[in-house]
Amino acid sequence: MEREVILEAQKVTKHFGGLAAVQDVDMKIYRGEILGLIGPNGAGKTTFVNVITGMLPITSGKVYFKGKDITGWSAYRIGRIGIARTFQIVKPFRGMTVRENVAVGAMFGHKGKERSTKDALRKADEVLDFVEMSHLRTKHADELTLPYLKRLELAKALAMEPELLFLDEVMAGLNPKEIESAMELVRRINERGVTLLVIEHVMKAIAGVTERVFVLNFGMELAQGTPEEVLNHPDVIKAYLGEKFVERQKRKQQLRSNG
Amino acid sequence: MKITRFDKLFGGRNGVLLGLAVAFILILALVPLFASGFWMRTLTMIFLLAAMAEGWNYIGGYTGYAAFGNVAFFGVGAYGTALAMLRLHFPFFLAMVVGVLAAMAFAVIIGLPVLRLKGHYFAIATVALATAMGELADFWTSFTGGAAGLTLPFFNPLKWSNQFFYYISLLLVVFGLWLTYFLMNRKLGYSWVAVRENEDAARMMGINTTWSKVTAFALSAMMAGAAGAIYGYWSTFVLAEEVFKIDYTLQMILATVLGGPGTIFGPFIGSFIYYILITLLVFFFHVGEFHETILGTIIILVMVFTPQGIMDFLSGKKKLTISSLLENIRMHRV
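Residue numbers (my numbering), protein chains in the order written: chain F, 12 to 270; chain A, 5 to 338.
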């Protein structure tokens with residue numbers, strides 16, 4: 012049975028002056044899945060998400076959300092129809108408490124229109140409970156440590172009750188133990204029925220949670236497939252570790268097979 | 005300028021300070037029963053400044069846009085009211101509505117393009133705007149009376165004039181306080197603070213930031229416009245040089261910053277502090293413009309040591325010690 016496509020990008024292109032940051036990227040995200048988006052530094056991952064979510068104007072191409080053309084929509088309208096994201100460089104509202112930060116998502120996000128301020132604060136408590144940050148709710152955002160700031164980004168996005176959530180390197184800068192718990196959280200979010208696109212630089216972090224990985228390099232699609240397929244793909248290895256590494260690997264293998 | 009706290013009311017000392025504020029306002033309401041005309045006029049000036057500062061607080065304090073041209077709304081409010089009274093023979097209150105609506109409409113029209121600018125660019129654009137409005141009022145003689153100004157009738161009956169302007173200004177200030185409190189518990193208030201703290205994140209979270217900023221600008225114009233309307237009628241004379249004076253913009257910003265930007269009572273308290281300060285300085289250093297030098301020095305010291313205004317200390321969030329003053333420098337350096 013064909014799975015429902017929740018988001019479709021068709022030949023999405025973003026140029027900065029003469030530089031093509033994203034070039035003709037076709038991507039389908041299926042409802043309920045966790046799709047990984049990987050690529051070396053500067054591959055255009057964040058730019059791609061910025062274009063899809065309306066943070067940056069698109070140069071050309073089309074974006075469909077649940078079959079609806081949302082190309083060129085402003086960011087706030089995209090936020091309201093059920094798409095949320097986190098930012099790689101965290102963007103907390105520093106002058107607000109943790110609870111108020113999250114409540115903003117509940118007030119203006121997907122179902123925000125139906126919610127009063129009080130309902131939104133209640134929803135914020137619920138979300139904080141889910142991400143295990145209840146004990147920090149009255150703290151100001153500028154008092155949090157990085158792992159909690161990353162988690163706050165997630166909570167803010169979750170409070171918007173998105174159907175599709177983009178996570179931009181929520182695990183970067185965390186230690187292995189923190190990565191472990193962040194991955195666990197990503198899985199729990201997905202179990203609640205939220206479709207996820209997880210951008211990650213750390214391959215290991217992503218392989219544990221996704222079924223399907225999309226690789227970008229120089230703004231173009233390099234490969235797609237299961238984590239296993241992608242990680243063993245020669246082009247991917249080359250992109251990440253360089254030409255010389257691949258040659259050295261080959262030589263080693265030859266030496267080994269020659270005995 | 006970096007403003008941080010999102011005050012619901014008063015941080016830790018809610019009840020006590022709210023009680024004090026209510027008591028203070030009640031005392032102010034009783035002042036005309038025993039005070040002389042001089043004190044009533046002085047307090048009326050402070051109220052008008054406080055009303056403008058409360059308005060500036062919406063755009064500058066809560067939304068974080070350094071608007072340096074709010075006197076333009078004061079001027080439009082004054083001219084709008086005067087013209088409605090003279091040309092259309094409206095009674096004052098109806099004319100005031102015209103003046104305030106004109107100021108708000110002006111803020112919306114100007115805000116839509118100008119609020120796309122950020123930081124210094126926005127500040128400069130608003131300064132230019134206020135200057136241009138002053139020039140326009142000065143030279144459009146057929147409409148504004150030009151350099152001759154507009155002369156309004158005296159308040160009738162004249163013997164209640166002081167009381168009338170005193171109470172209407174006080175009413176405006178109290179309305180401003182209530183409006184601030186009301187909005188800060190509404191989505192609009194949250195959206196302002198979100199825009200101030202991070203506009204990109206605010207947009208992505210579903211906030212129509214353009215609408216949010218324009219509303220803040222229009223409401224700040226409403227307060228300044230109302231103050232301008234009252235001021236024009238009170239002085240019975242509206243002149244471009246007077247009602248578009250950049251000093252008024254600076255005063256409302258200083259009052260807000262002294263008291264505490266992004267707090268409910270900050271601009272109100274700051275207006276009193278500013279006025280007392282300037283009166284004392286003129287009294288002690290009346291030679292030439294020397295008092296302005298001293299005022300400038302005090303403002304620099306305040307900006308360096310307590311960028312959050314004195315509300316920070318009044319609300320009990322910080323203790324007034326040397327170490328907390330030094331910590332402020334570290335936290336808020338640009």
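From the three backbone atoms N, C-alpha and C, an ideal C-beta is built for every residue, glycine too.
Quick check: residue 131/F and residue 114/F, are their CB atoms within less than 7 angstroms of each other? Position 120 of the first sequence, counted from the first residue, corresponds to residue 131/F. Position 103 of the first sequence, counted from the first residue, corresponds to residue 114/F. A contact, by the Cβ cut-off of 7 angstroms.
Any Cβ of chain F within less than 7 angstroms of the Cβ of residue 69/A? Translated into the one-based positions of the second sequence, residue 69/A becomes position 65. So no, residue 69/A is outside the interface.
Who are residue 26/F's beta bridge partners in DSSP? As a working note, residue 26/F is residue 15 in the first sequence. 31/F, per the DSSP bridge assignment.
Tell me whether the segment 27-43 of chain F and the segment 78-89 of chain F touch, counting them as touching only if at least three CB pairs, one residue from each stretch, are closer than 8 angstroms. no
Check residue 77/A in the structure and name its three-state DSSP category. Along the second sequence, read from residue 1 onward, the residue named residue 77/A stands at position 73. Residue 77/A: helix per DSSP, three-state reduction.
Could you check where the beta strand (DSSP E) with residue 231/F kicks off and where it finishes? Within the first sequence, the letter at position 220 stands for residue 231/F. Element bounds for residue 231/F: 231-236.
If you compare alpha carbons, which of 26/A, 36/A and 42/A is closest to residue 168/A? The residue labelled residue 168/A in the question sits at position 164 within the second sequence. Measuring from the Cα of residue 168/A, the nearest candidate turns out to be 36/A.
Three-way DSSP call (helix, strand, coil) for residue 47/F in this model: Within the first sequence, the letter at position 36 stands for residue 47/F. The answer is strand: DSSP assigns residue 47/F an E or B state.
Can you tell me which residues form a DSSP beta bridge with residue 312/A? Indexing the second sequence from 1 puts residue 312/A at position 308. Looking at the DSSP assignment, residue 312/A forms no beta bridge with any residue, so it has no partner.
Minimum Cβ-Cβ distance from residue 148/F to chain A less than 7 angstroms: As a working mapping, residue 148/F is identified with position 137 in the first sequence. No, because no Cβ of chain A sits closer than 7 angstroms to the Cβ of residue 148/F.
Return the first residue and the last residue of the beta strand (DSSP E) that residue 155/F is part of. Within the first sequence, residue 155/F is the residue found at index 144, counting from 1. Premise fails: residue 155/F is in no beta strand (DSSP E) and is neither H nor E.
Quick check on residue 6/A: does DSSP put it in helix, strand or coil? The residue you call residue 6/A lines up with position 2 of the second sequence. Per-residue confidence for residue 6/A stands at a pLDDT of 33, beneath the threshold of 50, marking its modelled position as unreliable; the derived number appears in the next sentence. In the structure shown, residue 6/A falls within a coil segment according to DSSP collapsed to helix, strand and coil.
So which residues on chain A does residue 120/F lean against when the C-beta distance must stay under 7 angstroms? In the first sequence, the residue the question calls residue 120/F occupies position 109. Correct list: 209 and 210.
Report yes if the CB atom of residue 93/F is closer than 7 angstroms to the CB atom of residue 174/F, and no otherwise. Mapped onto the first sequence, residue 93/F falls at position 82. Mapped onto the first sequence, residue 174/F falls at position 163. Going by C-beta atoms, residue 93/F is nearer than 7 angstroms to residue 174/F.
Chain F partners of residue 189/A, CB-CB under 8 angstroms? Locating residue 189/A in the second sequence gives position 185, where the first residue counts as 1. Result: 128.
What are the boundary residues of the alpha helix (DSSP H) that includes residue 239/A? Counted from its first residue, the second sequence places residue 239/A at position 235. Start and end: 213-239.
Taking the beta strand (DSSP E) that residue 62/A belongs to, which residues open and close that run? Residue numbering aside, residue 62/A sits at position 58 when the second sequence is read from its first letter. Element bounds for residue 62/A: n/a, residue is neither H nor E.
Starting from the Cα of residue 130/A, find the closest Cα among 116/A, 200/A, 89/A and 143/A and give me that residue. Within the second sequence, numbered from 1, the residue matching residue 130/A stands at position 126. If we check each option's Cα against that of residue 130/A, 116/A comes out closest.
With a Cβ-Cβ cutoff of 7 angstroms, do residue 166/A and residue 41/A count as a contact? By 1-based counting over the second sequence, the position of residue 166/A is 162. By 1-based counting over the second sequence, the position of residue 41/A is 37. In this structure, residue 41/A lies closer than 7 angstroms to residue 166/A by Cβ.
8 angstroms contact criterion, which residue 104/A and residue 94/A should meet: CB distance rounded: Here residue 104/A corresponds to residue number 100 of the second sequence, with the count starting at 1. Here residue 94/A corresponds to residue number 90 of the second sequence, with the count starting at 1. With 8 angstroms as the limit, residue 104/A and residue 94/A do not qualify as a contact, their Cβ atoms being about 13 angstroms apart.
Interface residues of chain A facing residue 96/F [CB-CB closer than 9 angstroms]: Here residue 96/F is taken as the residue at index 85 of the first sequence, counted from 1. Those are 208, listed as they occur along chain A.
Beta-carbon gap between residue 21/F and residue 72/F smaller than 7 angstroms: In the first sequence, counting from the first residue as 1, residue 21/F sits at position 10. In the first sequence, counting from the first residue as 1, residue 72/F sits at position 61. Yes. Within cutoff.
Test item: CB-CB of residue 84/A and residue 111/A under 7 angstroms: Walking along the second sequence from the start, residue 84/A turns up at place 80. Walking along the second sequence from the start, residue 111/A turns up at place 107. Cβ atoms of residue 84/A and residue 111/A: not closer than 7 angstroms.
Just to make sure I have the definition right: I need the residues of chain A whose C-beta is within less than 8 angstroms of the C-beta of residue 32/F. Which are they? Numbered from its first residue, the first sequence carries residue 32/F at position 21. The contacting residues do not exist; residue 32/F stays about 18 angstroms from chain A at best.
Give, in chain order, every residue of the segment 294-320 of chain A whose Cβ lies closer than 7 angstroms to some Cβ of chain F. none
May I have the straight-line CA-CA distance separating residue 63/F from residue 56/F, to the nearest angstrom? Stepping through the first sequence from its first residue, residue 63/F is reached at position 52. Stepping through the first sequence from its first residue, residue 56/F is reached at position 45. About 11 angstroms.
Under 7 angstroms between the Cβ atoms of residue 216/A and residue 197/A? Taking the second sequence and counting its residues from 1, the one referred to as residue 216/A is at position 212. Taking the second sequence and counting its residues from 1, the one referred to as residue 197/A is at position 193. Against a cut-off of 7 angstroms, the Cβ pair of residue 197/A and residue 216/A comes out as no contact.
Per DSSP, what kind of secondary structure is residue 96/F in: helix, strand or coil? Here residue 96/F corresponds to residue number 85 of the first sequence, with the count starting at 1. Looking at residue 96/F - three-state DSSP - the assignment turns out to be strand.
Endpoints, the alpha helix (DSSP H) within which residue 125/A is located: Indexing the second sequence from 1 puts residue 125/A at position 121. 123-143 is the extent of the alpha helix (DSSP H) around residue 125/A.
Which of the residues in the segment 170-202 of chain A, read from start to end, lie with their CB under 8 angstroms from any CB of chain F? Against chain F - using a Cβ distance shorter than 8 angstroms - the residues of the segment 170-202 of chain A are 189, 190, 191, 194, 195, 197, 198, 200, 201 and 202.
Would you list, in chain order, the members of the segment 211-229 of chain A that have their beta-carbon closer than 8 angstroms to a beta-carbon of chain F? 211, 212 and 213
Are the CB atoms of residue 252/A and residue 51/A within a distance shorter than 7 angstroms? The residue given as residue 51/A occupies position 47 in the second sequence. The residue given as residue 252/A occupies position 248 in the second sequence. Result no, Cβ atoms of residue 51/A and residue 252/A do not sit closer than 7 angstroms.
In terms of residues, what are the limits of the alpha helix (DSSP H) holding residue 65/F? Along the first sequence, read from residue 1 onward, the residue named residue 65/F stands at position 54. Neither: residue 65/F is in no alpha helix (DSSP H) and is coded neither H nor E.
According to DSSP, simplified to helix, strand and coil, what is residue 263/A? Here the question's residue 263/A lines up with position 259 in the second sequence. Helix.
Tell me, please, which residues DSSP counts as bridged to residue 228/F. As a first step, residue 228/F is located in the first sequence; it is residue number 217 there, counting from the start. Partner(s): 231/F.
Would you kindly check if the distance between the Cβ of residue 97/F and the Cβ of residue 178/F is under 7 angstroms? By one-based count along the first sequence, residue 178/F stands at place 167. By one-based count along the first sequence, residue 97/F stands at place 86. Yes, the pair counts as a contact, with Cβ atoms nearer than the cut-off.
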